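Peer 1: I'd like to ask you about the structure that follows.
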Amino acid sequence: AIRYVNARGLATIEATPESEQAWLDECKRIEEMTLFHKIDWWVSGANIPGKAKAVSFYMGGFGEYMKHADRCAASGYEGYKLSVSKAVAA
Numbered sequence: 025a026i027r028y029v030n031a032r033g034l035a036t037i038e039a040t041p042e043s044e045q046a047w048l049d050e051c052k053r054i055e056e057m058t059l060f061h062k063i064d065w066w067v068s069g070a071n072i073p074g075k076a077k078a079v080s081f082y083m084g085g086f087g088e089y090m091k092h093a094d095r096c097a098a099s100g101y102e103g104y105k106l107s108v109s110k111a112v113a114a
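Numbered per the working numbering, the sequence shown spans residues 25 to 114.
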């Protein structure tokens with residue numbers, strides 16, 4: 025992604041809210057196939073009082089993760105906002 029952005033003279037790459045939610049849904053779907061969703065642990069944020077339990081850690085394995093990354097790159101980073109100007113912090 026960094027090479028892609030740099031080669032095109034872009035300054036930023038940021039996931040769209042929809043793509044971010046789709047990724048979180050995918051992470052949750054995979055976690056629910058394991059026993060991890062039944063325990064309170066730091067990966068789900070369960071160690072922080074009052075925080076909603078959620079997982080953004082991909083548990084599908086590195087090979088499957090790279091397939092996601094390769095498809096994303098092949099699509100020209102569809103689901104990401106690419107811009108030529110640097111983001112300004114609020």
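Where is the CB? At the ideal position from N, CA and C, for every residue including glycine.
Bear in mind the structure is a predicted one, so any value in this text is a computation, not a measurement.
Quick check: the Cα distance between ALA35 and ARG27, rounded to an integer number of angstroms?
Peer 2: For ALA35 and ARG27, the distance between alpha carbons rounds to 11 Å.
Peer 1: Let's test the definition: count the other Cβ atoms within 10 Å of the Cβ of TYR89 and tell me whether it reaches 16, buried, or not, exposed.
Peer 2: exposed
Peer 1: Assign ALA39 to one of three DSSP states: helix, strand, or coil.
Peer 2: strand
Peer 1: Of the choices ALA31, ALA76, ALA25, whose alpha-carbon is the least far from that of ILE37?
Peer 2: Of the candidates ALA31, ALA76, ALA25, the one whose C-alpha sits nearest the C-alpha of ILE37 is ALA25.
Peer 1: With DSSP as the reference, label SER99 as helix, strand or coil.
Peer 2: coil
Peer 1: What whole-angstrom Cβ distance do THR40 and LYS91 have, given they're in contact under 8 Å?
Peer 2: That pair is no contact at about 21 Å.
Peer 1: Judging by CA-CA distance, which residue of LYS77, GLY87, LYS62, GLU102 is the nearest neighbour of ALA46?
Peer 2: GLU102
Peer 1: Rounded to whole angstroms, how far is the Cβ of GLY69 from the Cβ of LYS77, which I believe are closer than 8 Å?
Peer 2: The pair is a contact, with the Cβ atoms about 6 Å apart (cut-off 8 Å).
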